[in-house]
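Asker: Structure in structure tokens, see below.
Protein chains: 2
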Amino acid sequence: MYRKFVAEGDKVVQEFLNLGWTCDLLCAQHPEKYSNAIPVDVIIMKQITHFSTPSPVLAVFDLPQPSDLRLESVTLVLDGIRDPGNLGTIIRLCDWFGLSQLICSTDTVDCFNSKTVQASMGSLARVACHYIEDLPKFLSSQHQPIFGADLKGKSLYSFSFPKEGIYVFGSESHGLTKAMKAIINTQITIPNFRKDRGPESLNVATASAIFLSELFRAR
Amino acid sequence: MYRKFVAEGDKVVQEFLNLGWTCDLLCAQHPEKYSNAIPVDVIIMKQITHFSTPSPVLAVFDLPQPSDLRLESVTLVLDGIRDPGNLGTIIRLCDWFGLSQLICSTDTVDCFNSKTVQASMGSLARVACHYIEDLPKFLSSQHQPIFGADLKGKSLYSFSFPKEGIYVFGSESHGLTKAMKAIINTQITIPNFRKDRGPESLNVATASAIFLSELFRAR
Numbered sequence: 001m002y003r004k005f006v007a008e009g010d011k012v013v014q015e016f017l018n019l020g021w022t023c024d025l026l027c028a029q030h031p032e033k034y035s036n037a038i039p040v041d042v043i044i045m046k047q048i049t050h051f052s053t054p055s056p057v058l059a060v061f062d063l064p065q066p067s068d069l070r071l072e073s074v075t076l077v078l079d080g081i082r083d084p085g086n087l088g089t090i091i092r093l094c095d096w097f098g099l100s101q102l103i104c105s106t107d108t109v110d111c112f113n114s115k116t117v118q119a120s121m122g123s124l125a126r127v128a129c130h131y132i133e134d135l136p137k138f139l140s141s142q143h144q145p146i147f148g149a150d151l152k153g154k155s156l157y158s159f160s161f162p163k164e165g166i167y168v169f170g171s172e173s174h175g176l177t178k179a180m181k182a183i184i185n186t187q188i189t190i191p192n193f194r195k196d197r198g199p200e201s202l203n204v205a206t207a208s209a210i211f212l213s214e215l216f217r218a219r
Numbered sequence: 001m002y003r004k005f006v007a008e009g010d011k012v013v014q015e016f017l018n019l020g021w022t023c024d025l026l027c028a029q030h031p032e033k034y035s036n037a038i039p040v041d042v043i044i045m046k047q048i049t050h051f052s053t054p055s056p057v058l059a060v061f062d063l064p065q066p067s068d069l070r071l072e073s074v075t076l077v078l079d080g081i082r083d084p085g086n087l088g089t090i091i092r093l094c095d096w097f098g099l100s101q102l103i104c105s106t107d108t109v110d111c112f113n114s115k116t117v118q119a120s121m122g123s124l125a126r127v128a129c130h131y132i133e134d135l136p137k138f139l140s141s142q143h144q145p146i147f148g149a150d151l152k153g154k155s156l157y158s159f160s161f162p163k164e165g166i167y168v169f170g171s172e173s174h175g176l177t178k179a180m181k182a183i184i185n186t187q188i189t190i191p192n193f194r195k196d197r198g199p200e201s202l203n204v205a206t207a208s209a210i211f212l213s214e215l216f217r218a219r
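Sequence order for the protein chains is A and B.
Residue 1 is where the first sequence starts when you use this note's numbering, and the numbers rise one by one after that.
Residue 1 is where the second sequence starts when you use this note's numbering, and the numbers rise one by one after that.
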């Protein structure tokens, strides 16, 4: 285990540097923009990038030391999210709404996946992702009400949310698991405004956005 | 110009078939699920798919005939959106909130891009995307108030929106253009809840989700 991860792109790399994350290696097409950068041309960058378009800068950082998990007044939980872009987008959303952590099941995609790092646009430097082995067991021991985002449930817009709560989002293809539903206190749904036969669901990142907006709009 | 597009995946292909879109060719790994399907194995599918993971089914459809554009009470406008996944996600959102159309600048990514079709999860079959040449000119002739999503502006949560309105979202990297800002009546912002130095912006699809939710929650 090297315990390293790769970040690409000016904005993303800069964010980790600004917050003092340990950088082991930094390759840049414009090395003058960074201290201790290894100059690389676009041909080399095409060979080392994780993306189809080569990045202007690619850096290797040390993984952070595990941090303590203490629930905030709003805690998002992701159970089985597989798409790295979705995870990165949700990390960016958490950051926007002032959350410092995110709880993930161990079968959720790695938050240090290159695509997740990219989609988080640097917010991963401020939002700690905690991967928990037995999520239902852990959550039910937390003494906070547990809400699940589901296609059937009480309307998000008419429910009166308590000051503290845990909000669980299931996987892109299967939603909430049976084990998770068993420990959820209330299932909440985003009403579908199309009266005729419409889409079956929303993307999990946009659903999280709508939940967070609704939870914070009144604060 | 062949005027065709490719859709992949069971759910997406089925949605276009159900709504009667003309299918020219359908290749499936399980052809018994479709009528007139050409059986293909995973090796062939790997060669014809647009994605890194081969789809169970790939179909070629005729592009639709251009439809009339008549503004609805809420109209979303995308100016220079480059990411096909973002566009597809926004189409799926429009569908969820009951909008039948979306207006795009001509430099917005093609809505029939394979990744857009995929991300829209079939909602593209119900939401017509209209590409308009000179967007500022067109919008300013529409006799509806024009709102722009921007990092500086009135708070989304305290603004009282009129019954009818046009909502413009700028590009992922540059936001609203000068020409667009010149015709926008009011700039609206999603408040950033992080008090210290936080993320600079939200992903355009999640920002659209938050806007649509806020516009429809009271209806």
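For each residue, glycine too, the CB sits at the ideal point set by N, CA and C.
Short check: CB of A:G165 to CB of A:T189, under 7 Å?
Answerer: No; because the gap between Cβ atoms is not below 7 Å, this pair is not in contact.
Asker: With a cut-off of 8 Å on the beta carbons, I'd call B:A119 and B:G85 a contact; round off their distance for me.
Answerer: 5 Å
Asker: Taking Cβ positions, are A:L135 and A:D83 nearer each other than 7 Å?
Answerer: no
Asker: Taking any Cβ of chain A, which residues in the region 63–95 of chain B have a Cβ under 8 Å from it, in chain order?
Answerer: So the close ones are G85, T89, R92, L93, D95.
Asker: Report the rounded CA-to-CA distance for B:V204 versus B:F169, giving the unit in angstroms.
Answerer: Answer to the nearest angstrom: the Cα atoms are 7 Å apart.
Asker: Taking 7 Å as the threshold (beta carbon to beta carbon), is A:P54 in contact with chain B?
Answerer: no
Asker: Helix, strand or coil, according to DSSP, for B:D68 in the structure here?
Answerer: coil
Asker: Report yes or no: do the region 45–54 of chain B and the region 133–151 of chain B share at least 3 C-beta pairs separated by less than 8 Å?
Answerer: no
Asker: Within the continuous alpha helix (DSSP H) that includes B:T89, where are the two ends?
Answerer: 84–96
Asker: Going by beta carbon distance, what residues of the same chain come within less than 8 Å of B:E220, once the five residues before and after it are set aside?
Answerer: Examination of residue 220 of chain B is not possible in this model, given that chain B is present from 1 through 219 alone.
Asker: With a cut-off of 8 Å on the beta carbons, I'd call B:L102 and B:L76 a contact; round off their distance for me.
Answerer: 5 Å
Asker: Using the C-alpha atoms, what's the distance from A:R197 back to B:C129?
Answerer: 19 Å
Asker: For the region 112–127 of chain B and the region 141–152 of chain B, state whether three or more C-beta atom pairs, one from each stretch, are separated by less than 8 Å.
Answerer: no
Asker: Any idea what DSSP makes of B:D24, helix, strand or coil?
Answerer: strand
Asker: Just to make sure I have the definition right: I need the residues of chain B whose C-beta is within less than 8 Å of the C-beta of A:G122. Which are they?
Answerer: P199
Asker: Looking at the C-beta of B:G98, does it have a partner C-beta in chain A at a distance below 7 Å?
Answerer: yes
Asker: Check each candidate in B:P56, B:T108, B:V13, B:K4 and name the one with the smallest Cα separation from B:Q29.
Answerer: B:P56
Asker: Is DSSP giving B:K137 helix, strand or coil here?
Answerer: helix
Asker: Whose C-alpha, out of A:D24, A:T108, A:E72, is nearest the C-alpha of A:K163?
Answerer: Nearest C-alpha to A:K163: A:E72.
Asker: Does A:L215 come within less than 7 Å of chain B when only Cβ atoms are used?
Answerer: No, no contact with chain B.
Asker: Between A:P199 and A:I38, what straight-line distance do the alpha-carbon atoms span, to the nearest angstrom?
Answerer: Roughly 49 Å between the two C-alpha positions.
Asker: Chain B partners of A:N203, CB-CB under 7 Å?
Answerer: The answer, in chain order, is T89, R92.
Asker: Ordered along the chain, which non-local residues of its own chain (more than five positions away) have a Cβ less than 6 Å from that of B:Y131?
Answerer: Within the same chain, B:Y131 has close Cβ partners C104, T106.
Asker: Quick check: is the beta carbon of B:N113 nearer than 7 Å to any beta carbon in chain A?
Answerer: So, not an interface residue.
Asker: Residue range of the beta strand (DSSP E) that A:A128 falls in?
Answerer: 128–132
Asker: Between the region 135–169 of chain A and chain B, which residues of the former have CB atoms less than 9 Å from a CB of the latter, in chain order?
Answerer: L156, Y157
Asker: What is the rounded straight-line gap between the Cα of B:G20 and the Cα of B:N113?
Answerer: If I take the Cα positions, the gap works out to 20 Å.
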